[in-house]
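Report on the following structure.
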Amino acid sequence: MKIWAVANQKGGVGKTTTAISLAGCLAQSGQKVLLVDFDPQGSMTSYFRLNPDGVVKSVYNLFETRVKRPKIVEFNEMARSTCLEKLFLLPASTAMATLDRQLGSSDGMGLVLSRQLSALDDVYDHVIIDCPPMLGILMVNALAACQHLIIPVQTDFLALKGLQRMMHTIEMIGKARGGIPPYTIVPTFFDRRTRASAESLRSLKDNYADALWPRVIPVDTRFREASREAMPISVMSPESRGAEAYASLTRWLLKQQATLQTDIQGVKIS
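Position in the sequence shown counted from 1, then plus 49, gives you my numbering.
Shown next as structure tokens:
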């Protein structure tokens, strides 16, 4: 089972859209995918027409029962079906906003998600976590659990400042987990007609070339239409520019992960 986290410490950069779009591409290719909404605001949960204020079983329950290792059937009772047969959602609830106050000082709270997901290794092919935009117990759990971190960055000046904060967080989490997780920076909301987008993309290439996905996610009105229909863009509008870009990103990430796995195996063999 592969675990990806989508994170940035700035809101409005396309985290939820990225997580849903990647999950849609994977599910359509035959992979069984679990989306995990780790944001108390519940944007992903709302995307799939669930109410974060009223959902009964949610991410919150994973922390509520943290002392036990849950059975797979218990975890799967929380997962909701979506428009795709192989795509499932573990929804958020607004109660998650209280977790830092309730559990922030407790030992071992940064590994709750890792321990819970270990029970699902043979159930899902991919897990994709949509992180909150603030550093706290939820983001720490996501970064500790993930095998690859995806950082969407809107191509404008303020979003680049948010990326600097995110890089600092990655370094801090890396020290705690014994190494920085592999990560990919994904330029989003790129509008080739504007100088701001072009200059921001140039800055990303100058400062983060080694971690930067070589393409961009363009501005595309079809994302709003897909949201209105509660579908990934790859389902709603597979020929659109946005769908094509995320299909390309999915293929690129899978190739990166396969290369990394080969390298790891090579180290073990030698």
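Quick reminder that beta carbons are idealized off the backbone N, C-alpha and C, glycines included.
All of these numbers come straight from a predicted model, not from anything done at the bench.
Distance, residue j Cα to residue i Cα
i, j, result
"K304", "S142", "34 Å"
"T299", "V55", "13 Å"
"I199", "I282", "18 Å"
"A258", "T308", "18 Å"
"A275", "G291", "11 Å"
"L321", "S286", "For the chain, the structure presents residues 50 to 319; residue 321 sits outside this window and is missing."
"L133", "E293", "18 Å"
"S289", "G79", "21 Å"
"F272", "H217", "30 Å"
"R150", "G227", "26 Å"
"E248", "A225", "35 Å"
"T147", "F87", "13 Å"
Cβ-based neighbour list, residue i, same chain, cut-off 7 Å, excluding 5 preceding and 5 following
i, result
"T65", "S92, M93, Y96 and D179"
"L152", "F112, M158 and I186"
"K254", "L261"
"L42", "Lying before the first or after the last residue shown, residue 42 is absent from the chain, which here runs from 50 to 319."
"N110", "M127"
"S130", "F137"
"P182", "N57, Q58, K59 and G60"
"A296", "C74 and S283"
Beta-bridge pairing of residue i - partner residues as DSSP gives them
i, result
"F137", "L83 and S130"
"H197", "W53"
"H175", "K51 and V82"
"F112", "Paired residue(s): none; F112 is not in a bridge."
"F239", "P267"
"V202", "P236"
Residues near residue i in its chain [Cβ-Cβ closer than 6 Å; skip 5 each side]
i, result
"G223", "I229"
"Q213", "none"
"G63", "P201 and T237"
"S246", "T204, F239 and D240"
"D102", "T143"
Buried/exposed call for residue i, threshold 16 Cβ in 10 Å
i, result
"S107", "buried"
"K59", "buried"
"I313", "In this prediction, I313 scores a pLDDT of 47, lower than 50, which makes its location untrustworthy; the coordinate-derived value is nonetheless stated afterwards. Answer is exposed; the Cβ neighbour count stays below 16."
"D171", "exposed"
"K210", "exposed"
"P89", "buried"
"V235", "buried"
"V105", "exposed"
"N100", "exposed"
"M221", "exposed"
Residues near residue i in its chain [Cβ-Cβ closer than 8 Å; skip 5 each side]
i, result
"K51", "D174, H175, V176, Q196, H197 and Q306"
"L166", "M50, I52, V176 and A194"
"Y232", "H197, L198, I199, I200, I219 and A260"
"V284", "G73, Q77, C132, L133 and A275"
Interface flag, residue i vs chain D, CB-CB below 7 Å
i, result
"L83", "Of the protein chains in the structure, only one exists, and it is not chain D."
* To do: Decide if the segment 180-191 is in contact with the segment 129-140; the criterion is three or more beta carbon pairs, one per stretch, under 8 Å apart.
  => no
* Does the segment 66-77 come close enough to the segment 205-215 to have 3 or more Cβ pairs within less than 8 Å? -> no
* Does the segment 261-275 come close enough to the segment 229-243 that 3 or more CB-CB pairs lie under 8 Å? -> yes
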